[in-house]
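Chemist:
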Amino acid sequence: MIRELYSLGSTHAMNFSLDAGAARPARNPRRAQLGFTLIEIMVVVVILGILAALVAPNVIRRIDDARVTKAKQDIRAYETALNLYRMDNFRYPTTEQGLEALVKQPLDPNIRNWKQGGYIDGMKKDPWGNDYAYIAPGTRGEFDLYTLGADGQPGGEGPDADIGNWNIE
Numbered sequence: 003m004i005r006e007l008y009s010l011g012s013t014h015a016m017n018f019s020l021d022a023g024a025a026r027p028a029r030n031p032r033r034a035q036l037g038f039t040l041i042e043i044m045v046v047v048v049i050l051g052i053l054a055a056l057v058a059p060n061v062i063r064r065i066d067d068a069r070v071t072k073a074k075q076d077i078r079a080y081e082t083a084l085n086l087y088r089m090d091n092f093r094y095p096t097t098e099q100g101l102e103a104l105v106k107q108p109l110d111p112n113i114r115n116w117k118q119g120g121y122i123d124g125m126k127k128d129p130w131g132n133d134y135a136y137i138a139p140g141t142r143g144e145f146d147l148y149t150l151g152a153d154g155q156p157g158g159e160g161p162d163a164d165i166g167n168w169n170i171e
């Protein structure tokens, strides 16, 4: 529906559309463009960077804590298997026989009461991919069973610390 209005004293007509579906011209043609400005993108990147800086150290610390916990659990499992071995054979495996004696029957000396199938399913690596160390007799007890931690070097602190059967809770 079109309504014509005339100005006072003017013969010029002005047309107005009262149709709700009629297209309106964009008020600001620049705002009609889709997308983000460079400033908006930079603000988002800065916010994501700040969040990553706050979250990443906590995630890394949790991973280190999980590896230390896994190493302690592995050492306890080996300890249990070594104690079962001792109950059957009246002594712990020698340093030369090592933890392999829990998986495969040692030949020298010949062990008569070795449990068929072994005492553990297989040899495990520590959470950092290194072999567990075993010494019998140990310097801290009847045997020492340990990992050198994340750095693979004696000593250290945090995830680099040595974890052994003598210092786990």
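For the sequence shown, my numbering gives the first residue as 3, with consecutive numbering after it. For glycine and all other residues, C-beta sits at the position ideal for the given N, C-alpha and C. Just so it is clear, the structure is predicted and the values come from calculations on it, not from any experiment.
Under the assumption that L101 contacts Y134 (Cβ atoms under 8 Å), give the Cβ distance between them as a whole number of angstroms.
Modeler: Indexing the sequence shown from 1 puts residue 101 at position 99. Indexing the sequence shown from 1 puts residue 134 at position 132. Going by Cβ atoms, the distance from L101 to Y134 rounds to 6 Å, so yes, they are a contact pair.
Chemist: Using the C-alpha atoms, what's the distance from L36 back to F18?
Modeler: Working through the sequence shown from its first residue, we reach residue 18 at position 16. Working through the sequence shown from its first residue, we reach residue 36 at position 34. Confidence at F18 is low in this model, with a pLDDT of 49, below 50, so its placement is unreliable and the value that follows should be read with caution. Taking the straight line from one Cα to the other gives about 29 Å.
Chemist: With a CB to CB cut of under 6 Å and the five nearest residues on each side skipped, what residues in its chain are close to G154?
Modeler: Mapped onto the sequence shown, residue 154 falls at position 152. These residues qualify, in order along the chain: N132.
Chemist: According to DSSP, which residues form a beta bridge with L147?
Modeler: As a working mapping, residue 147 is identified with position 145 in the sequence shown. In DSSP, L147 forms a bridge with Y136.
Chemist: Based on DSSP bridge pairs, tell me the residues matched to I165.
Modeler: For this step, residue 165 is matched to residue 163 along the sequence shown. Paired residue(s): T149.
Chemist: What's the call for N112, buried or exposed, on a 16-neighbour Cβ count within 10 Å?
Modeler: Position 110 of the sequence shown, counted from the first residue, corresponds to residue 112. Exposed.
Chemist: In this structure, how does DSSP classify K106 when only helix, strand and coil are distinguished?
Modeler: Residue mapping note: residue 106 aligns to position 104 of the sequence shown, counting from 1. Coil, per DSSP.
Chemist: In this structure, does DSSP put K127 in helix, strand or coil?
Modeler: Within the sequence shown, the letter at position 125 stands for residue 127. Correct three-state label for K127: strand.
Chemist: Identify whether I113 lies in helix, strand or coil by the three-state DSSP scheme.
Modeler: Stepping through the sequence shown from its first residue, residue 113 is reached at position 111. The answer is coil: DSSP assigns I113 none of H, G, I, E or B.
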